[in-house]
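S.K.:
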Amino acid sequence: MPVADVDGLEIAYEIHGDGDQTWVLTPGGRFSKDYGGVRETAEALAARGRRVVIWDRPNCGASSVGFTGPSESEVQADALAGLVRSLDLGPVVIAGGSGGSRVSLLAAARHPDIAAGLAIWWISGGVYGLMTLGCHYCGDSISAAWTGGMAAVVELPTWREVLERNTANRERMLALDPREFIATMERWMVAYAPREEQLVPGLADADLTRVAAPTLVFRSGASDSNHTRATSEGVAALIPGARLVEPPWGDREWVERTQAAAARGQALFERWPLLVPQLTEWNDAIDARV
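Here the sequence shown stands for residues 813 to 1102, numbered as in our numbering.
#1: Is the Cβ-Cβ distance between residue 931 and residue 1028 less than 8 Å?
#2: Which term fits residue 825, buried or exposed, when burial requires 16 or more other beta carbons within 10 angstroms of its beta carbon?
#3: Would you check if the distance between the CB atom of residue 989 and the CB atom of residue 1033 is smaller than 8 Å?
#4: Have a look at residue 863 and residue 1051 and give me their C-alpha separation to the nearest angstrom.
#5: Determine the DSSP secondary structure at residue 1102, reduced to helix, strand or coil.
#6: Where residue 972 and residue 877 are concerned, what is the direct C-alpha to C-alpha distance, given to the nearest angstrom?
#7: I want to know whether the segment 948 to 967 touches the segment 982 to 996 - three or more CB-CB distances under 8 Å.
#8: List the DSSP bridge partners of residue 817.
#9: Please identify the residue among 860, 885, 861, 859 whose C-alpha is closest to the C-alpha of residue 870.
#10: Am I right that residue 902 and residue 1039 are in contact with their C-beta atoms under 8 Å? What's the rounded C-beta distance?
#11: Counting pairs of beta carbons, one from the segment 948 to 956 and one from the segment 1052 to 1059, are three or more of them closer than 8 Å?
#12: Identify which residue in 975, 1080, 836 has its Cα closest to the Cα of residue 926.
#13: Take residue 899 and list the residues in its own chain whose beta-carbon comes closer than 7 Å to its own, dropping the five residues that flank it on each side.
#14: Judging by CA-CA distance, which residue of 1088, 1097, 1084, 1095 is the nearest neighbour of residue 847?
#15: Grab the span of the beta strand (DSSP E) containing residue 1055 for me, first residue to last.
#16: When burial is assigned at 16 or more other CB atoms within 10 Å of the CB, is residue 1002 buried or exposed?
#17: Go through its chain and collect everything with a Cβ distance to residue 1046's Cβ below 7 Å, but skip five positions before and after it.
#18: Where do the N-terminal and C-terminal ends of the beta strand (DSSP E) with residue 904 fall, by residue?
#19: Output the residue ranges of the alpha helix (DSSP H) runs that lie fully inside the segment 870 to 948 and measure 4 residues or longer, sorted by chain position.
#20: How big is the Cα-Cα spacing for residue 946 and residue 1000?
#21: How big is the Cα-Cα spacing for residue 1102 and residue 1095?
#22: Quick one, which of 852, 887, 850 has its alpha-carbon nearest residue 818's?
#23: Mapping DSSP to helix, strand and coil, what is residue 842?
#24: On the DSSP bridge list, what partners appear for residue 1027?
#25: Whose C-alpha, out of 1078, 827, 1014, 923, is nearest the C-alpha of residue 856?
#26: In terms of residue numbering, what span does the beta strand (DSSP E) encompassing residue 867 cover?
#27: Just the Cα atoms here: how many angstroms apart are residue 852 and residue 915?
#28: Under 7 Å: does the beta carbon of residue 869 sit that close to some heavy atom of the ligand SAH?
#29: Among the residues of its own chain, which have a CB less than 7 Å from the CB of residue 928, if the five just before and after it don't count?
#30: Spell out the partners DSSP gives residue 835 in its beta bridges.
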C-alpha cells in the first residue's frame, strides 16, 4: 500500500485508473478508503476514463494520527492538498460526501491552486447536525481522557481501526499529554458550533463566494437532519456558478442508509457509485467549455 509523507504525517492512498484527469475522492466520518462504496465509486470513475485517488485522512484507516490545527477537518483539508502536491498530480477534481464534502470544500477554499473542480454531497449542517458532530467526533475522547488518561482513549472504538492498521499510532497517542489532548478535542468540538454566516464549519460564508473551481452540489434530502437541505442549497447559492442538482436516489437516502447500517451492517456509502454518471456528465461539460 503506497504511503506519502505529508508534513510529517503518513498518508495512505491508492490510485485507480490512468486517465489524464485526476480526481481525489474523500469519504465521510472517520471511515477509511476501504469502507464500502468508496473504492467502488473510484473504480466506476476510472472505468469512465478518470484517474482517481482514494486516501485515508489523518486519524483514519492506515494513516497517522495528528492532533494539531484549529479543527480536524482543516487538518485533513491541508493534508489533501499536501498529498496532491507530494504526488505531483497537478490541479485535481476534489470530490466527497458527508465529512468528505466538508474536507473537500475546505481544501478548495484554502488551496485553490490544486482545485480543477469540486463535487460535493451530503454537506453536514444545521444546528442539530453540527452539534451532533461535535459530540460524535470529540465527546467520548474528552470523557475518556478526563477519567482515564490516554490509556483509556486508545481503548475507544472510535480509534480502533487507525490504531490497528497503523501500529505506530498507539504509541503516538499514549505519548500525548492528556490535558493537551483534551484541549485539542475541545477546540475541535467548538469548531462545529453553529455560527451565523458560516454554513460549513471552519469556512466563512464570505470564503465560499471566493471559491473559483467549477462546482457541483447534490441537493440533500428534506428528511436529512444531519446534512440539511438548506445547507446544500445555501452552499450552492454562495459559490459562484455552482450547479445544484438532484441526487440519483430518493429523499430518505441518508435515513435508509443509516437504518441499514444499524440493522444489517451495510455501508453508509454503498450507493455512491450511482453518482458517477452525473459526476462525469458534469465534468465532461466543464472540459468542453475549456
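Backbone N, C-alpha and C fix where the C-beta goes; we use that ideal spot for every residue, glycine too.
M.R.: So, to answer that:
#1: yes
#2: buried
#3: no
#4: 26 Å
#5: Low per-residue confidence applies at residue 1102: pLDDT is 49, beneath 50, and the placement is therefore not dependable enough to give any value.
#6: Distance between the alpha carbons of residue 972 and residue 877: 12 Å.
#7: yes
#8: Looking at the DSSP assignment, residue 817 forms a beta bridge with 822.
#9: Considering only alpha carbons, the answer is 885.
#10: Not a contact, Cβ separation roughly 30 Å.
#11: At 8 Å Cβ cutoff, the stretches do not touch.
#12: 836
#13: 816
#14: Measuring from the Cα of residue 847, the nearest candidate turns out to be 1084.
#15: 1055 to 1057
#16: exposed
#17: 1011
#18: 904 to 909
#19: The segment 870 to 948 contains these whole alpha helix (DSSP H) runs: 884 to 898, 911 to 922, 939 to 946.
#20: 8 Å
#21: Confidence at residue 1102 is low in this model, with a pLDDT of 49, below 50, so the placement of that residue should be treated as unreliable; the coordinate-derived value is given next. Each residue's alpha carbon lies about 11 Å from the other.
#22: Of the listed residues, the one whose Cα sits closest to residue 818 is 887.
#23: coil
#24: 930
#25: Between residue 856 and the set 1078, 827, 1014, 923, the nearest pair of CA atoms involves 827.
#26: 862 to 867
#27: 20 Å
#28: Looking at this structure, you won't find the ligand SAH or any other ligand, since it has none at all.
#29: 903, 904, 905, 1025
#30: DSSP output for residue 835 lists 864, 905 as bridge partner(s).
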